[in-house]
Amino acid sequence: MSTSSNRKAIIIGAGMGGLSAAIALNKIGISVEIYEQAKKLRDAGTAISITTNGMNALKALGVDGAMMDAGEVITDMYARETNGDLITRMPVDKVGEKLGAPTVMVHRKNIQNTLLSFINCDQLHLGKELDNFKHTKNGVRVTFKDGSVVEGDMLIGADGNHSAVRNQMFGLDDARHTHYVAWLATTNFEHPVVTKGSANHYWGQGERFGLMDLGDGQVYWWGTKNTKQVAERLQHISLLSGDNNDADKAEIVNTYRDWSDEVVDVIACTPAENIIEVNTRDRKPLKKWGEKGVTLLGDAAHPALTSLGMGAAQAFEDSVVLMKCLESTHDVNKALRLYEKHRIPLTTKRVNLSRNISDMEQVENKWLAKARNTAFRVMPEKLIEIILTDANKFSIPENK
Ligand SMILES: Cc1cc2nc3c(=O)[nH]c(=O)nc-3n(C[C@H](O)[C@H](O)[C@H](O)COP(=O)(O)OP(=O)(O)OC[C@H]3O[C@@H](n4cnc5c(N)ncnc54)[C@H](O)[C@@H]3O)c2cc1C
Numbered sequence: 046m047s048t049s050s051n052r053k054a055i056i057i058g059a060g061m062g063g064l065s066a067a068i069a070l071n072k073i074g075i076s077v078e079i080y081e082q083a084k085k086l087r088d089a090g091t092a093i094s095i096t097t098n099g100m101n102a103l104k105a106l107g108v109d110g111a112m113m114d115a116g117e118v119i120t121d122m123y124a125r126e127t128n129g130d131l132i133t134r135m136p137v138d139k140v141g142e143k144l145g146a147p148t149v150m151v152h153r154k155n156i157q158n159t160l161l162s163f164i165n166c167d168q169l170h171l172g173k174e175l176d177n178f179k180h181t182k183n184g185v186r187v188t189f190k191d192g193s194v195v196e197g198d199m200l201i202g203a204d205g206n207h208s209a210v211r212n213q214m215f216g217l218d219d220a221r222h223t224h225y226v227a228w229l230a231t232t233n234f235e236h237p238v239v240t241k242g243s244a245n246h247y248w249g250q251g252e253r254f255g256l257m258d259l260g261d262g263q264v265y266w267w268g269t270k271n272t273k274q275v276a277e278r279l280q281h282i283s284l285l286s287g288d289n290n291d292a293d294k295a296e297i298v299n300t301y302r303d304w305s306d307e308v309v310d311v312i313a314c315t316p317a318e319n320i321i322e323v324n325t326r327d328r329k330p331l332k333k334w335g336e337k338g339v340t341l342l343g344d345a346a347h348p349a350l351t352s353l354g355m356g357a358a359q360a361f362e363d364s365v366v367l368m369k370c371l372e373s374t375h376d377v378n379k380a381l382r383l384y385e386k387h388r389i390p391l392t393t394k395r396v397n398l399s400r401n402i403s404d405m406e407q408v409e410n411k412w413l414a415k416a417r418n419t420a421f422r423v424m425p426e427k428l429i430e431i432i433l434t435d436a437n438k439f440s441i442p443e444n445k
């Protein structure tokens, strides 16, 4: 085993997980190399919200200020009926004040650029697809599809939902699909409902819509729809060997045609080529993420449905906890098991919570949907604040 000053980490995947892990390990003097299968980093995509827990993790990495500059702080979040009538206010602003960091809406390309600005570009190797890994006496040996080989003290599989690292250890036959599709887009849009720092969620029957301010006259919107054709759509997407598909704008226009004006208008003014269709799915939580000098991080470890909106935030948390554990001991194997011990219980809880919220949100029965909206309408804001505060708690393990 190497000493702390010359330990070397091989990170597979340059998504938000891999890049944040690299920033974290750089901070404690571990030598880091990131290997990404894509020949060019994807700069497309839409936006996400980085919740309070994710911003607190970025604070521990020293990246929160830059991320805030790259996005729009969410101050007003509302749940609404499909016609725009208010159901309730979600006090994310108060949760942010209480826990010390706001929720921020950021375009994915801005997140990528911000994280990349904290990494030395020599550390990133593109066009390197992991084929397999082997444990060695001193650590791990990784072989790429192009036949090249690298060795390190540890391997961090941050290679997303279809992780090759996870596949080699545990297989990938545990995907849990949903019965709905999601459409996503960003576009230029102005409307009186889209005030600075606003996020509006509209809850229908088996259909939802979200409309969020991204700053600079831009919005991020997403819609979901229950469909019996998820399997067929999935088949088509897998033929394209990707997660995204071009969306059928006419279907989206038709789905939300009777919803409030801002929903109808934002879809109408979005160029069709800006809209993607995504299949939401998670995996059954694992009880173990690795062995010896290998572990998982981000979606490779705990892919979740999007209802909680914390996938990226959790990858940032993983990176901070991994950093703390590797700082606490020179023994890589011990540090990785300690990291997993900290992270598995919380991420398992959140994967399951996200699925439960998703079931509630996508409910199709008219009376159940009415009951849900009424329950939230009468629920005291203070109670929602307590629930959200609990969901956003992130504690960093203390090194003694
Ligand atoms: C519709 C939708 C909305 C979302 N909204 C939010 C939100 O509001 N807030 C939030 O926090 N999260 C959100 N998420 C979740 C978030 O996008 C993910 O959790 C996050 O992007 C995961 O990052 P990652 O780096 O772990 O994985 P990925 O982004 O999947 O990155 C993995 C990387 O590994 C590479 N790779 C894969 N296999 C190999 C290999 N064999 N060799 C080398 N490289 C490889 C891939 O090319 C990729 O670049 C959302 C997700 C979806 C689908």
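My numbering applies: residue 46 is where the sequence shown begins, and numbers increase by one. Cβ atoms here follow ideal geometry from the backbone N, Cα and C, with glycine treated the same way. Since we're looking at a predicted model, the values are computed, not measured.
**Asked** Taking only runs of the alpha helix (DSSP H) that begin and end inside the stretch 59 to 142, which ones reach a length of at least 4 residues, in chain order?
**Response** Within the stretch 59 to 142, the complete alpha helix (DSSP H) runs of at least 4 residues are 61 to 72, 97 to 106, 109 to 115.
**Prompt:** Straight-line CA distance for residue 444 to residue 69?
**Reply:** Residue 444 and residue 69 have their alpha carbons spaced roughly 15 Å apart.
**For residue 434, the first and last residue of its enclosing alpha helix (DSSP H)** = Note, residue 434: alpha helix (DSSP H), 426 to 436.
**Between the CA atoms of residue 436 and residue 37 - distance to the nearest angstrom** = What is shown of the chain runs 46 to 445, which leaves residue 37 out entirely.
**Asked** Under 8 Å, do residue 354 and residue 204 count as touching if we go by C-beta distance?
**Response** Not a contact, by the Cβ cut-off of 8 Å.
**Distance, residue 356 Cα to residue 52 Cα** = Computed Cα separation, rounded: 28 Å.
**Request:** Indicate the three-state DSSP secondary structure (helix, strand or coil) for residue 241 in the structure shown.
**Result:** If DSSP states are grouped into helix, strand and coil, residue 241 belongs with coil.
**Message:** Can you determine whether any heavy atom of ligand 3 sits closer than 7 Å to the C-beta of residue 171, and answer yes or no?
**Reply:** As presented, the structure is devoid of ligand 3, carrying ligand 1 as its sole ligands.
**Contact under 8 Å by Cβ, residue 132 with residue 94** = Not in contact: residue 132 and residue 94 (Cβ atoms no closer than 8 Å).
**Message:** Report the start-end ranges of each alpha helix (DSSP H) in the stretch 281 to 367 that is 4 residues or longer and not cut off at the edges.
**Reply:** Here the runs fully enclosed are 294 to 300, 306 to 313.
**Asked** Where does residue 392 fall in DSSP's three states?
**Response** Looking at residue 392 - three-state DSSP - the assignment turns out to be helix.
**residue 53 - DSSP class collapsed to helix/strand/coil** = Three-state DSSP puts residue 53 in a strand.
**Prompt:** Which residue's Cα is closest to the Cα of residue 198: 185, 100, 84, 129?
**Reply:** Per the Cα distances, 185.
**Item:** Beta-carbon proximity of residue 172 to residue 345, cut-off 8 Å
**Value:** The answer is no: Cβ separation not under 8 Å.
**Prompt:** From residue 379 to residue 386, what distance separates their C-alpha atoms?
**Reply:** Cα-Cα distance, rounded: 11 Å.
**Asked** Where does residue 402 fall in DSSP's three states?
**Response** Of the three classes helix, strand and coil, the one that applies to residue 402 here is helix, per DSSP.
**Item:** Residue ranges of each alpha helix (DSSP H) within the stretch 161 to 237, 4 or longer
**Value:** Segments of the alpha helix (DSSP H) lying fully in the stretch 161 to 237: 209 to 215.
**Request:** Identify the continuous beta strand (DSSP E) that holds residue 254 and give its terminal residues.
**Result:** From DSSP, the beta strand (DSSP E) with residue 254 extends over 252 to 260.
**Request:** Rank 159, 426, 329, 228 by C-alpha distance to the C-alpha of residue 318 and give the top, closest one.
**Result:** For residue 318, the nearest C-alpha among the options comes from 228.
**Item:** Exposure label - residue 413; buried when at least 16 CB within 10 Å
**Value:** With fewer than 16 other Cβ atoms inside 10 Å of its own Cβ, residue 413 counts as exposed.
**Prompt:** Cα separation between residue 254 and residue 322?
**Reply:** If you draw a straight line from the Cα of residue 254 to the Cα of residue 322, it is about 14 Å long.
**Request:** Go ahead and pull the three-state DSSP assignment for residue 446.
**Result:** Since the displayed the chain opens at 46 and closes at 445, residue 446 lies outside it and no answer follows.
**Cβ distance (whole Å) where residue 125 is taken to contact residue 247 below 8 Å** = Correct: roughly 5 Å between the Cβ atoms.
**Request:** Could you tell me the boundaries of the beta strand (DSSP E) in which residue 269 lies?
**Result:** From DSSP, the beta strand (DSSP E) with residue 269 extends over 263 to 271.
**Message:** Mapping the DSSP letters down to three states, classify residue 374 as helix, strand or coil.
**Reply:** Reduced to three states, the DSSP call for residue 374 is coil.
**Member of 157, 96, 160, 169 whose CA lies at the smallest distance from the CA of residue 79** = Ranking the options by Cα distance to residue 79, first place goes to 169.
**Request:** For residue 146, I'd like the list of residues in its chain whose CB is within less than 7 Å of its CB, leaving aside the five on either flank, ordered along the chain.
**Result:** So the qualifying residues of the chain are 97, 100, 101, 104, 109.
**Asked** By DSSP, does residue 408 sit in helix, in strand, or in coil?
**Response** Three-state DSSP puts residue 408 in coil, outside helix and strand.
**Nearest-angstrom Cα separation, counted from residue 329 out to residue 392** = So the two alpha carbons sit approximately 11 Å from each other.
**Message:** What does the alpha-carbon distance come out to for the pair residue 433 and residue 394?
**Reply:** Going by C-alpha positions, residue 433 is about 14 Å away from residue 394.
**Whole-angstrom distance between residue 166 and residue 159, CA atom to CA atom** = Taking the CA atoms as reference points, residue 159 sits about 13 Å from residue 166.
**Message:** What does the alpha-carbon distance come out to for the pair residue 143 and residue 175?
**Reply:** For the pair residue 143 and residue 175, the Cα-to-Cα distance works out to about 42 Å.
**Message:** Using a Cβ-Cβ cutoff of less than 6 Å, which residues in the same chain neighbour residue 236 once the five nearest sequence positions on both sides are dropped?
**Reply:** Taken in chain order, the residues that qualify are 307.
**Prompt:** CA-CA distance, residue 312 and residue 292?
**Reply:** Using only the alpha carbons, I get a separation of about 12 Å.
**Message:** For ligand 1, I want to know if residue 117 counts as a neighbour, meaning its beta carbon is within less than 7 Å of at least one of the ligand's heavy atoms.
**Reply:** No.
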